[in-house]
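Read through the structure below, which is laid out as structure tokens, and then see the notes.
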Amino acid sequence: MITLYGISNCDTIKKAKKYLTDNNIEFTFHDYRKEGVNEQMVAEFANKLDWEQLVNKRGTTYRALSDEQKQNLTKQNAIQLLVQQPAMIKRPVLVNGTDFYLGFKVAQYDEIFK
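In the numbering used here, the protein residues as written are 4 to 117.
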């Protein structure tokens with residue numbers, strides 16, 4: 004089973020959904036804003052992916068953090084922040100069985116689904 008995680012109004016999510024749909028790949032979409040996130044989910048993402056890459060450092064939510072929060076970011080407090088602020092999770096997270104992928108690039112998805 005393939006699950007795409009993210010926020011529905013994100014442009015990158017829209018591109019990933021279009022790719023999957025255009026290639027007749029069945030998937031479910033988990034919208035952080037509608038369906039929420041919990042510590043177990045985010046911890047699994049952080050364990051399967053590089054937790055530092057999981058934090059979207061380009062977004063306004065991250066930039067709004069204090070300098071102290073940014074400088075003292077550890078895996079555990081990053082998980083807590085991501086649960087509190089799911090918009091700060093880099094998008095999309097794609098789960099294909101036991102494999103986890105971060106971000107969307109056509110070449111990456113071509114490789115995953117060839």
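A virtual CB, placed ideally from N, CA and C, is assigned to each residue, including glycine. As the structure is a computational prediction, the values presented were derived from the model and not from experiment.
Check	Outcome
Terminal residues of the alpha helix (DSSP H) in which residue 82 lies	78 to 87
C-beta atoms of residue 82 and residue 109 nearer than 8 Å	no
Local Cβ density within 10 Å of residue 115, reported as buried at 16 or more and exposed below that	exposed
Burial state of residue 67, where buried means 16 or more other Cβ atoms lie within 10 Å	exposed
Per-residue burial, residue 78 [other beta carbons within 10 Å of its own, 16 or more giving buried]	exposed
Inter-residue Cα distance where the pair is residue 94 and residue 75	23 Å
Cutoff 6 Å; reference residue 52; Cβ partners in own chain excluding five residues on either side	103 and 105
Residues of its chain near residue 89, where Cβ-Cβ distance is below 6 Å and the 5 sequence neighbours each way are ignored	35 and 40
Three-state class that DSSP yields for residue 31 in the structure shown	strand
Environment of residue 4 [buried if 16+ CB atoms lie within 10 Å]	exposed
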